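Q: Take a look at the following structure, please.
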Amino acid sequence: MTTKTEQFTVRHDGVAIPVTRGGEGRPLVLCPGLTSTQDELHELVELLRRDFDVFTFDLRGHGLSSAADRYSFESFLGDFVAVMTEVGRLPLLSAPLLAGHSYGADLILHYASEYSDTVGGLILIDGANPIPAPFITQADLPDFRALWADVVAWHKTRAGTPRQVLLTAEQILDLNLELDVIRSGIDLDIDVVSTGILDRYRTIDRPIHLLMATAMAGYSKEGRVPRHNRLWHAGMDRLVRERPDITTSQLDATHGLVVTHAQDVARIIRTAHTPAARAAS
1 MTTKTEQFTV RHDGVAIPVT RGGEGRPLVL CPGLTSTQDE LHELVELLRR
51 DFDVFTFDLR GHGLSSAADR YSFESFLGDF VAVMTEVGRL PLLSAPLLAG
101 HSYGADLILH YASEYSDTVG GLILIDGANP IPAPFITQAD LPDFRALWAD
151 VVAWHKTRAG TPRQVLLTAE QILDLNLELD VIRSGIDLDI DVVSTGILDR
201 YRTIDRPIHL LMATAMAGYS KEGRVPRHNR LWHAGMDRLV RERPDITTSQ
251 LDATHGLVVT HAQDVARIIR TAHTPAARAA S
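All the letters of the sequence shown, read from the start, carry residue numbers 1 to 281 under this note's numbering.
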């Protein structure tokens, strides 16, 4: 059954971002990942609306949101701040939970590190991972260029639908390379090393639940896949050592778990952040 929804538009930096609200309960803002849209997350959104007052939107250049002159982590984060500002003006039952997948997890983590008093808790889904080394190396560039070219080509076949993504393959690759530096703190081009997003985690005093895929990069035992999966798990282990108070879950799935395992993801979110569900579990 589809939940009745309402919509309002947030305008920021020349971008129009339609925000859809539906469901009842504790407010939850869902931030999609790069090349993902709220249309693609439809099943997960509908499941969450059974327990939460859910706000969804698309990143700039994605889905229902308009294109932009620039695409960077800073610009996406600015859009999210604008969305949260409008959500914060509404009468809500409590400070909203923030849930984000992949790139969206990094966006909500950065937001919460700067605006912690407006956040009720975080659900980080296979993202915001303080990996100890860059995910994409020179050896990986050809495969990732091909991957994003395929993604862009697929979206072009759906031009005019809510699934459309307007970014080029090179823009998507550049955003992932930028995110590598943000997560790991390591910039191979200029030989700079920091602790990366671990510093962000240290500033947040709200409940955090980390939901990770066991096979983020896939199940293959060949090529670069095992290295990527090991690195992903190493980042998760690093975070748990730093913040043992963070609760964690794993699903036997790949990075697309928000689509392939929507029911499991919704159940974990409900259990982690709904008092009645926690008591029954």
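Every residue gets a Cβ at the ideal spot worked out from N, C-alpha and C, and that includes glycine. All values derive from a computational prediction rather than experimental measurement.
1) Is the distance from the Cβ of G120 to the Cβ of L97 below 7 Å?
2) How would you call V193, buried or exposed, if buried means at least 16 neighbouring beta carbons within 10 angstroms?
3) Taking DSSP as the reference, what is the three-state secondary structure of E74?
4) Can you tell me the Cα-Cα spacing of H42 and H110, whole angstroms?
5) What do you reckon, are the CB atoms on T248 and L210 nearer than 7 Å?
6) Leaving aside the five residues before and after N229 along the sequence, list all residues of the same chain whose C-beta is less than 7 Å from its C-beta, in chain order.
7) For I190, I'd like the list of residues in its chain whose CB is within less than 7 Å of its CB, leaving aside the five on either flank, ordered along the chain.
8) Does the separation of the CB atoms of P130 and G235 fall below 7 Å?
9) According to DSSP, is Q7 helix, strand or coil?
10) According to DSSP, is V193 helix, strand or coil?
11) For H12, which option in D69, V240, I208 has the closest C-alpha, if you only look at C-alpha atoms?
12) Along the chain, where does the alpha helix (DSSP H) that runs through P142 open and close?
13) Based on Cα-Cα distance, which residue from L177, S102, D140 lies nearest to L285?
14) So P142 packs on S65, CB below 8 Å; how close in whole Å?
15) Identify the residues that DSSP records as bridge partners of P283: which are they?
16) The beta strand (DSSP E) with M212 in it runs from where to where?
17) Could you check if E40 is buried or exposed, using at least 16 other CB atoms within 10 Å of its CB as the buried criterion?
18) Excluding the five sequence neighbours on either side, which residues of its own chain have a C-beta within less than 7 Å of the C-beta of L173, listed in chain order?
19) Classify A112 as helix, strand or coil using the three-state DSSP reduction.
20) Per DSSP, I125 forms a beta bridge with which residues?
21) What do you reckon, are the CB atoms on A99 and L28 nearer than 7 Å?
22) Count the other C-beta atoms from every protein chain shown that fall within 10 angstroms of the C-beta of P32, then say buried if there are 16 or more, exposed otherwise.
23) Helix, strand or coil: how does DSSP classify T203 here?
24) What are the boundary residues of the beta strand (DSSP E) that T248 is part of?
A: Reading from the atomic positions:
1) yes
2) Note on V193: pLDDT 47, under 50, position unreliable in the model; no value is reported.
3) helix
4) 25 Å
5) yes
6) A215, M216, A217
7) Low confidence applies to I190: its pLDDT is 49, below 50, so where it sits in the model is not reliable enough to give any reading.
8) yes
9) strand
10) Unreliable positioning characterises V193 in this predicted model, as indicated by a pLDDT of 47, which lies under 50. A coordinate reading is not provided.
11) D69
12) 141-156
13) The first residue shown for the chain is 1 and the last is 281, placing residue 285 beyond what the model contains.
14) Rounded, the Cβ-Cβ distance is 30 Å, inconsistent with contact.
15) The requested residue 283 is not part of the displayed model; the chain covers only 1 to 281.
16) 208-213
17) buried
18) F144, R145, W148
19) helix
20) H101, L211
21) yes
22) buried
23) coil
24) 247-251
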